[in-house]
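Numbering (the working numbering), first residue to last: 833 to 1477.
Below is one structure; the comments refer to it alone.
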């Protein structure tokens, strides 16, 4: 949905008075990206004045009020090389714990912001020493953690920088979903007693203004159930000139708030997943449908315009689509290398899909939302365009299918020859979904484990028949599981919604026939404390090959059920993990398990297979078992060069 608000935006421009006080000194003109970006003097963020240096209190930054908190933010320009020291001095003096960066360093071959932090190790900027502790790169944003130390002080402080990398070089994001996920992560990790959140883009007004007004309005909606975008933008412009620069940005604010209200917050801590799914399975009052059905209907609210399927609708390409209503978006379609003189030779019905993470360096899990049981892993491969979702090849497109695999390196490379490993899941019934998510979880784990083992860099190509149903389930679970492993949270709804911004109709159906009833409840027991985690060992560094899933017919409930499948298994280099009630893990004592919710084994297991058998019968809390050999996981999958432990 698009909102157009030209009248409001024009009125804001007309009523705004430009102030040139405070930042108009000749001395400071070189300290601003834009010479016209003058500041409102009464909101200017002042540095502590040095008596020896005239103008040393100046930085191009302003306090901006939040919904109920005065000076909740500092809006500033992207630091220049000459102002690196001033920027970090401001962060230190304001006791800020969070920096929000709304731009990439370079866009359209133009420098948008200089790198004001060390690439590794420590650098000193003026009076502040900044040490990079870790970097976590996700598909749409990056989190860096710094340690700050001021010369002459014994105090050290930790500051996190959140960089949103999915804002396009021109205009605004096509969908607000990634931005809202980014904003939620910022708010979750910002300590309640910290100073103002420092927000910047390039000039510190356009994207910076979008972030601040959306955050403030979400707070207002939470407390008042009302919104006043026009009023808040006007307020911000009285505190810093030009906040929210363009009509597109103003419309994006409306779109983001509309989506946030319509979809709500569907993120749930993994430890609460079982009870959350139980709640979704109940009939909603006055709706006569379950919460799961309502969620699925909300996914179908947005429809893509035909202009998004330009290549797919060309006469030379229409016959290449298995279904007329399942076509790739132009912005995410896989483009083949064109063959000279052959019209449409660059087209295949396939879409790139982003994964969860790009890479991690010096990993350190995010606080408050991290999974306490899972140790970090180094060297995750890039996960932008981590998957290719495609239809099952037609007779006319088989050659294009193999050409796509070759050109996108969706293979294992060995010199000039390449090995493709095909995994086919054969346990999906013709109608409905598998009775249990256990086999499918094993299948996903084996695919990703094998890719990691062979070090393949290309995307995982996944197809069923139309390339949206079971394909969507496979990719959704892969992303959800990896996020759960690193953050300890699950959000199936937003994950599927994100997939649908990259390929239409991903995850096609919601199972209305099956009760969501894990095995323990089916026999009258109570849910194990383990419920809600389900997928242990294979949640190490993901990746894989060609996953062939068969014909259409999947559902949202399989995603939920799979996440509640208590099936432990193990991967190379990954300890066997089982969650339990304690917030911190403990090594298992086979003779004296840590709590009444565990049943002791008769004796310490002598083999991995015996241990697996024992764990299938008992709820045991395990964080690490030294020297655990690799397990062969039996399941309804077939794979070339199957690895056995």
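Just so it is clear, CB atoms sit at the ideal spot from N, CA and C, and this is done for glycine as well.
Only a predicted model underlies this, so the values are computations on that prediction, with no experimental measurement involved.
Contact check, residue i vs residue j, beta carbons under 9 angstroms
i            : j            : result
residue 1222 : residue 1294 : yes
residue 920  : residue 887  : no
residue 968  : residue 924  : no
residue 1083 : residue 1004 : yes
residue 1130 : residue 1011 : no
residue 1029 : residue 931  : yes
residue 1292 : residue 1232 : no
residue 916  : residue 946  : yes
residue 1021 : residue 934  : no
residue 1183 : residue 1147 : no
residue 1142 : residue 1185 : no
residue 1335 : residue 1164 : yes
residue 980  : residue 962  : yes
residue 896  : residue 1046 : no
residue 1339 : residue 1304 : yes
residue 1116 : residue 1126 : yes
residue 1333 : residue 1091 : no
residue 907  : residue 1124 : no
residue 1257 : residue 1271 : yes
residue 1176 : residue 1149 : yes
residue 1218 : residue 971  : yes
residue 1121 : residue 1108 : no
residue 942  : residue 989  : no
residue 1013 : residue 1322 : no
residue 1154 : residue 1226 : yes
residue 1253 : residue 1306 : no
residue 1483 : residue 1034 : Because the chain in this structure spans residues 833 to 1477, residue 1483 falls outside the shown range and cannot be described.
Buried or exposed (CB count within 10 angstroms, at least 16 for buried), residue i
i            : result
residue 874  : exposed
residue 929  : buried
residue 1157 : exposed
residue 1061 : buried
residue 1276 : buried
residue 994  : buried
residue 1015 : buried
residue 1032 : buried
residue 999  : buried
residue 1086 : buried
residue 952  : exposed
residue 1434 : With a pLDDT of 41 at residue 1434, under the threshold of 50, the modelled position of that residue is not reliable, and the figure given next carries that caveat. Residue 1434 is exposed by the Cβ-count criterion.
residue 996  : buried
residue 1405 : For residue 1405, the pLDDT reaches just 29, beneath the cut-off of 50, and the residue's location in the model is therefore unreliable, leaving the point undetermined.
residue 1152 : buried
residue 1329 : buried
residue 913  : exposed
residue 911  : buried
residue 1008 : buried
residue 1314 : buried
residue 1449 : Confidence is the limiting factor: at residue 1449 the pLDDT is only 33, short of 50, which leaves the residue's position unreliable and the question unanswerable from this model.
residue 878  : exposed
Those residues which DSSP pairs with residue i across a bridge
i            : result
residue 933  : 995 and 1032
residue 957  : 960
residue 982  : 960
residue 1008 : Residue 1008 pairs with nothing; no bridge assigned.
residue 975  : 968 and 994
residue 1222 : 1182 and 1295
residue 988  : 981
residue 1322 : 1100
residue 1335 : Bridge partners of residue 1335: none, in fact.
residue 876  : 894
Report yes or no: do the region 1272-1281 and the region 1296-1313 share at least 3 C-beta pairs separated by less than 8 angstroms?
-> Contact holds: three or more Cβ-Cβ distances are below 8 angstroms.
Indicate whether the contact test is met: 3 or more Cβ pairs, each with one atom in the region 1042-1059 and one in the region 898-908, closer than 8 angstroms.
-> Taking a cut-off of 8 angstroms for Cβ pairs, the region 1042-1059 and the region 898-908 touch, as three or more such pairs fall below it.
Taking only runs of the beta strand (DSSP E) that begin and end inside the region 879-947, which ones reach a length of at least 3 residues, in chain order?
-> Segments of the beta strand (DSSP E) lying fully in the region 879-947: 893-896, 905-908 and 930-933.
With a floor of 4 residues, list each alpha helix (DSSP H) that falls wholly inside the region 1154-1186, ordered by position along the chain.
-> Whole alpha helix (DSSP H) segments, 4+ residues: zero.
Residue ranges of each alpha helix (DSSP H) run of no fewer than 4 residues wholly in the region 1078-1154, ordered along the chain?
-> Here the runs fully enclosed are 1079-1095, 1105-1112 and 1123-1131.
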